Amino acid sequence: IAWGLHFFREVIFEATPQLYGKLQGAFERHYPEEPIRVPSFMRYASWIGGDRDGNPNVTAAVTAHAMAEYRNTAIGWYLAQVQRLVSVLSASSNVIDLPASFEPVLQTALDKSGQGHELAARNPDEPLRQFASALLARLIATRDGGTPAYPWAEAFRTDLNALSSVLEAIGGRAVARRFVQPLLWQVGSFGFRTVSLDVRQNSTVVNRVLAELFALTNPADPVAVGTPLWSARIRAALSQGEQLKINADRLSPEAGELLSTFSVIARHISGSDGDAVGAFVLSMTRSADDLLAVYLLAQYCGLSTAPGGGGTIRLRIVPLFE
55 IAWGLHFFRE VIFEATPQLY GKLQGAFERH YPEEPIRVPS FMRYASWIGG
105 DRDGNPNVTA AVTAHAMAEY RNTAIGWYLA QVQRLVSVLS ASSNVIDLPA
155 SFEPVLQTAL DKSGQGHELA ARNPDEPLRQ FASALLARLI ATRDGGTPAY
205 PWAEAFRTDL NALSSVLEAI GGRAVARRFV QPLLWQVGSF GFRTVSLDVR
255 QNSTVVNRVL AELFALTNPA DPVAVGTPLW SARIRAALSQ GEQLKINADR
305 LSPEAGELLS TFSVIARHIS GSDGDAVGAF VLSMTRSADD LLAVYLLAQY
355 CGLSTAPGGG GTIRLRIVPL FE
């Protein structure tokens, strides 16, 4: 995990906005009459910390640790960039003429920071520094799991867009381009996740765990994997929105581990960056039932939009036909 993140800290975080910037410059040179703004169209994914197929060392705890590290690395990078903004945005309100539309934006940012009075008192005539300091306070809360944290990366990006707009309005386009636009591109590409983590497991394990769950819930009527009854049982459970009602202490270590992994997935999909989870890669997929088994386990672990049935499973599943 640390080895993979090394390349982001040393190269990828900086190289990504540089690439966007070169593309932006090319558009401006060749299409000067068109106001083209290059979006953050690149995303990164990884399997490090998520691929447990044949590797017992990759547990649910390891996957949770990996996702926490990926998240903290992205936020840590943004903290350094916003700290730089706090340092450079020293323009005094006695010198610059801020648009009236920025006043409520600044006040909202100060209020949401939880430190509004302190930040305003610390830099009374430096509204841009106050704004950047408010963003910094919320990022620190986001990293530390405190309040008032950003609920998701897009909220942070909205604040950065507001800062970029006011800088352009007061003639600070060069400052916006040098210090804010690269950060906007980074947040668009890395979010609060750095990468989308792919989780991989073998269909044999998935089916074995599901068979165990079926046996625990209905021991008098065992269902064999691959039979017509197996297929019908999975489909009925999915269509009815069946929920799992088994004490964890009744599960085998293998079943407990796989369900814990799905719980980690569910927690992060519902967290501050749903894209922190990439795909569930199913090795040795042999049939549609293999895929449906994953969907059912996901449903059991809270990944359905409608637990009572008829909902969508909030997990992308990629079969490997090996």
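If you're matching positions, the sequence shown starts at 55 in the working numbering and goes up one per residue.
Ideal Cβ positions, reconstructed from N, Cα and C, are used throughout, including at glycine.
Treat the numbers as computed from the prediction; the structure is a model and nothing was measured.
Would residue i pass as a contact of residue j if the rule is Cβ separation under 7 Å?
i	j	result
Leu173	Leu164	yes
Thr117	Leu59	no
Asp343	Ser257	no
Arg321	Phe246	no
Arg340	Leu357	no
Thr196	Tyr204	yes
Leu383	Ala209	The requested residue 383 is not part of the displayed model; the chain covers only 55 to 376.
Ala291	Leu351	no
Val348	Val260	yes
Val65	Leu77	no
Ala145	Leu189	no
Arg287	Val277	yes
From the options, pick the residue whose C-alpha is nearest to that of residue i; which is it?
i	options	result
Gly242	Ala207, Val229, Leu264	Ala207
Ala302	Met338, Gly332, Ala320, Cys355	Cys355
Glu376	Gly364, Ile367, Leu336	Leu336
Met121	Trp131, Asn109, Gly103, Val260	Gly103
Ile55	Leu133, Thr201, Leu251	Leu251
Leu374	Met338, Arg106, Gly362	Met338
Pro307	Phe156, Thr113, Gly364	Thr113
Arg232	Val318, Ala188, Ser155, Val136	Val136
Arg63	Gly108, Trp131, His84, Glu87	Trp131
Asn148	Glu180, Phe244, Gln169	Glu180
Phe334	Ser100, Phe67, Glu68	Ser100
Gly199	Asn111, Pro178, Gly325	Gly325
Phe156	Leu214, Pro202, Ile323	Leu214
Asp327	Ile129, Gln161, Leu160, Leu313	Ile129
Thr162	Arg304, Gln184, Gly364, Ala115	Gln184
Ser293	Pro202, Asn177, Thr281, Gly365	Gly365
Glu123	Thr271, Thr201, Trp57, Arg304	Trp57
Asn177	Arg370, Ser141, Ile323	Ser141
How many whole angstroms separate the CB atoms of residue i and residue j, which I take to be in contact at a CB cut-off of 8 Å?
i	j	result
Val191	Ser167	Going by the sequence as given, residue 191 is Ala instead of Val. With 8 Å as the limit, Ala191 and Ser167 qualify as a contact, their Cβ atoms being about 4 Å apart.
Tyr98	Thr248	7 Å
Leu139	Ala186	4 Å
Ala269	Val279	That pair is no contact at about 11 Å.
Ile194	Leu133	7 Å
Gly377	Pro361	In the structure as shown, the chain starts at 55 and stops at 376, and residue 377 therefore has no counterpart that could be examined.
Arg289	Arg106	In fact, because the Cβ distance is near 27 Å, the residues do not count as touching under 8 Å.
Leu267	Ile300	7 Å
Ile90	Ile150	Not really, about 28 Å apart at Cβ, beyond 8 Å.
Phe67	Gln235	15 Å between Cβ atoms; not a contact.
For residue i, does the count of other Cβ atoms within 10 angstroms reach 16, so buried, or fall short, so exposed?
i	result
Gly226	buried
Thr70	buried
Gly332	buried
Phe95	exposed
Ala330	buried
Gln297	exposed
Ala216	buried
Tyr74	buried
Gly170	buried
Leu283	exposed
Phe61	exposed
Gln72	exposed
Is residue i near the ligand COA, judged by its Cβ being under 6 Å from some heavy atom?
i	result
Leu313	Of the ligands one can find in the structure shown there are none, so the ligand COA has no counterpart to examine.
Give a yes or no on whether 7 Å exceeds the smallest Cβ distance from residue i to chain D.
i	result
Phe210	Of the chains in the structure shown, none is chain D; there is only one protein chain.
- Task: Report the residue ranges of all alpha helix (DSSP H) runs contained in full by the region 165 to 215; include only those spanning at least 4 residues, in chain order.
- Result: 170 to 176, 181 to 198
- Task: For the region 314 to 363, list the beta strand (DSSP E) runs that are entirely contained and at least 3 residues long, ordered along the chain.
- Result: 331 to 337
- Message: Extract the residue ranges of the alpha helix (DSSP H) inside the region 236 to 283, only unbroken runs of 4 or more that lie entirely within it.
- Response: 257 to 271
- Task: For the region 59 to 146, list the alpha helix (DSSP H) runs that are entirely contained and at least 4 residues long, ordered along the chain.
- Result: 67 to 84, 114 to 142
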